[in-house]
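Here's the structure, in structure tokens; my notes come after.
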Amino acid sequence: MTTRTITGTTESFAASVRVPGDKSLSHRALLFAGMAQGDSLVTGLGTGLDIATTRAALANLGVAIDGDQVRSPGVSRWATPHRSIDCGNSGTSMRLLAGVLATSRVSTVLIGDSSLSRRPMTRLEAPLRSLGGVIATTSGHAPIKVGGAEVVTGAGVTIETASAQVRSAFELGALAAKGSSSIDSPPGFRDHTERWLHAIGRGDWESDTKFRIDPGPVPPAKYDVPGDPSSAAYLWAAAAISPGSQVVTTTISLNPGRIGFLQILDDMGAAVEVVVTNSVGGDPVGDVKVTGRTIRGVTIDGDLIASALDELPLVAVVAAYGEGITTVRGAEELRVKESDRIIAVEQMMLSLGGGISTVHDGFDIVGTGFLHGGSVETYHDHRIAMAAAVAATRASGEVEIVDSDVAFVSWPDFYESLAALWS
Ligand code: S3P
């Protein structure tokens with residue numbers, strides 16, 4: 528296990544950064560390319576271990592991937608893997624693959640590491656079974672047996688959580704059905720899969736949240752993955768807690784379900800400028816500039832939670848360096864991420880001298896403008912490691928990050944990129 532120590536600074540910075548390809552879109556780009564029959568070209572893919580997991584999973588299914596080039600026999604001719612498919616730490620790999628495989632002829636088992644094996648998978652079962660998909664979890668968890676479906680029919684489902692992973696699993700599975708399907712859920716989710724399906728003529732919106740899937744093959748893709756807003760968020764936060772500092776991140780995916788954190792930073796008093804420059808696969812793409820100013824406490828709940836979910840540990844860090852109380856509610860999904868992020872955030876704050884109280888679906892942070900040094904337990908969660916590193920950049924003493932390399936799950940060069948802001 529690696530431990531890293533970071534020393535804070537009071538110096539400000541001005542930097543422009545191109546962050547690695549978006550993790551959510553990289554999984555989807557690889558899956559869509561892997562499902563299509565023929566040759567696809569997917570550039571700008573994310574560099575983290577989770578993306579390597581999806582690459583390896585597809586290779587086990589008979590998809591040839593060489594760098595950016597993907598050659599597939601098409602999902603209906605995928606090979607049956609000789610052994611279980613290991614999804615490592617990646618919930619998106621496991622859930623999206625479960626969707627595709629449940630309604631396919633390929634019968635296999637999806638396994639994951641100890642963190643992924645603790646995460647809830649029951650939520651996949653009813654939606655996929657309503658299509659005639661075959662899926663069996665192990666008491667609601669991985670290992671998951673999937674596939675070997677015989678009759679796949681269209682279905683209409685409504686799910687209770689604004690989960691893009693569950694929606695996407697259903698939507699990808701529904702491509703193999705005999706008739707159209709639809710899915711509805713609460714709002715706030717990242718709608719990358721829906722935008723992609725719409726762009727290739729395989730579905731359309733029936734309301735703000737209800738999407739119809741029209742079954743059929745997907746075409747080979749030529750796709751350039753934009754930068755990951757959930758990675759850029761660490762740099763935005765570093766600027767936000769350092770008055771006068773400024774960071775520009777270029778070519779970022781600006782899907783509305785991904786940029787709740789920018790709204791929060793703006794509400795907290797940071798200067799946020801967004802310029803949309805392009806659109807890729809139906810997703811807006813653009814440049815984001817964040818300038819640090821005095822931060823004040825805010826209340827975060829409702830739809831904003833889903834669109835800032837992965838960034839809520841960072842909200843705690845930014846809030847601690849501000850003034851006043853920040854309240855986060857309606858975020859019980861934090862309990863079932865790569866770690867229980869409410870406990871992990873609480874422990875991080877307590878180690879660094881922050882003021883925090885927690886409830887079942889969120890936390891309150893008392894902004895004092897100050898964190899001290901300490902040792903942060905990451906609970907094998909990349910987002911906790913990276914939030915701790917951002918906290919460390921302004922802490923009054925050294926911050927030790929235990930199991931720091933877990934950050935490589937989403938961003939192998941993260942620590943160097945963070946330090947480079949000041950160079
Ligand atoms: C993701 C969806 C979100 C997010 C995760 C990636 C995706 O999870 O937290 O990091 O790529 O679809 P949920 O769908 O469980 O909310």
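To convert, take the position in the sequence shown, counting from 1, and add 527; that gives the working numbering.
C-beta atoms are modelled at their ideal positions from N, C-alpha and C, and glycine is treated no differently.
Give the range of the beta strand (DSSP E) segment to which residue i is assigned.
i, result
"Asn805", "Ala798 to Val807"
"Ser708", "Ser708 to Asp711"
"His668", "His668 to Val673"
"Trp605", "Segment: none, Trp605 is in no beta strand (DSSP E) and carries neither H nor E."
"Gly901", "Gly901 to Glu904"
"Ile740", "Phe738 to Ile740"
"Asp814", "Asp810 to Thr818"
"Ala922", "From DSSP, Ala922 is part of no beta strand (DSSP E); its letter is neither H nor E."
"Ile533", "Thr530 to Ile533"
"Gly561", "That residue, Gly561, is in no beta strand (DSSP E); its alpha helix (DSSP H) goes Lys550 to Met562."
Any idea what DSSP makes of residue i, helix, strand or coil?
i, result
"Gly615", "coil"
"Phe540", "coil"
"Pro654", "helix"
"Trp938", "coil"
"Ala591", "strand"
"Thr649", "helix"
"Leu568", "strand"
"Gly849", "coil"
Report all residues from its chain with a CB closer than 7 Å to the CB of residue i; omit the five preceding and five following residues, and keep chain order.
i, result
"Asp888", "Arg856, Gly857, Ala858 and Glu859"
"Val678", "Gly659"
"Phe697", "Gly626, Pro654, Leu655, Val684 and Ile710"
"Arg862", "Ile869"
"Gly808", "Arg722, Trp723, Ala726 and Tyr750"
Should residue i go down as buried or exposed, given a rule of 16 or more other Cβ atoms within 10 Å for buried?
i, result
"Asp981", "No answer is possible for residue 981: it lies beyond the span of the chain, which begins at 528 and ends at 950."
"Thr516", "Residue 516 lies beyond the range of the chain shown here (528 to 950); nothing can be said about it."
"Gln692", "buried"
"Met528", "exposed"
"Asp810", "buried"
"Ser772", "buried"
"Asp735", "exposed"
"Arg739", "buried"
"Val633", "buried"
"Glu733", "exposed"
"Ala606", "exposed"
Might you give, ordered along the chain, the residues of its own chain that have their beta carbon closer than 6 Å to the beta carbon of residue i, omitting 5 neighbours on each side?
i, result
"Ser757", "Asp837"
"Gly715", "Ala689, Asp830, Ala833 and Ser834"
"Gly706", "Gly681"
"Ala914", "Pro840, Leu841 and Val844"
"Ser695", "Leu623 and Thr720"
"Ser617", "Asp577 and Thr580"
"Val933", "Thr905, His907, His909 and Ala912"
Spatial neighbours of residue i within its chain, please: C-beta separation below 8 Å, excluding the five flanking residues on both sides.
i, result
"Ala871", "Pro840, Glu904, Thr905, Tyr906, Asp908 and Ile911"
"Val546", "Gly754, Asp755, Ser758, Ala759, Leu762, Thr776, Ile779, Trp938 and Ser944"
"Ala541", "Ser772, Gln773 and Val774"
Please indicate yes or no: does the CB of residue i lie closer than 8 Å to some heavy atom of the ligand ATP?
i, result
"Gly857", "You won't find the ligand ATP in this model; what it holds is the ligand S3P."
Identify the continuous alpha helix (DSSP H) that holds residue i and give its terminal residues.
i, result
"Thr581", "Leu576 to Asn587"
"Val926", "Premise fails: Val926 lies in the beta strand (DSSP E), Val926 to Val929, not in any alpha helix (DSSP H)."
"Thr885", "First-last for Thr885: Gly882 to Val886, but that is the beta strand (DSSP E), not the alpha helix (DSSP H)."
"Asp919", "The amino acid occupying residue 919 in the given sequence is Ala; Asp does not appear at that position. Where Ala919 is concerned, the enclosing alpha helix (DSSP H) stretches over His909 to Ala919."
"Gly573", "Careful: Gly573 lies outside any alpha helix (DSSP H) and carries neither H nor E."
I want to know whether the stretch 847-854 touches the stretch 823-830 - three or more CB-CB distances under 8 Å. yes
Could you tell me whether the stretch 774-789 touches the stretch 834-849, using the rule of 3 or more Cβ pairs below 8 Å? yes
Three or more C-beta pairs below 8 Å linking the stretch 873-880 and the stretch 644-664: no
Counting Cβ pairs closer than 8 Å, one from the stretch 612-620 and one from the stretch 559-574, do we hit at least three? no
Can we say the stretch 736-752 touches the stretch 719-728, given the rule of at least three CB pairs closer than 8 Å? The stretch 736-752 is in contact with the stretch 719-728.
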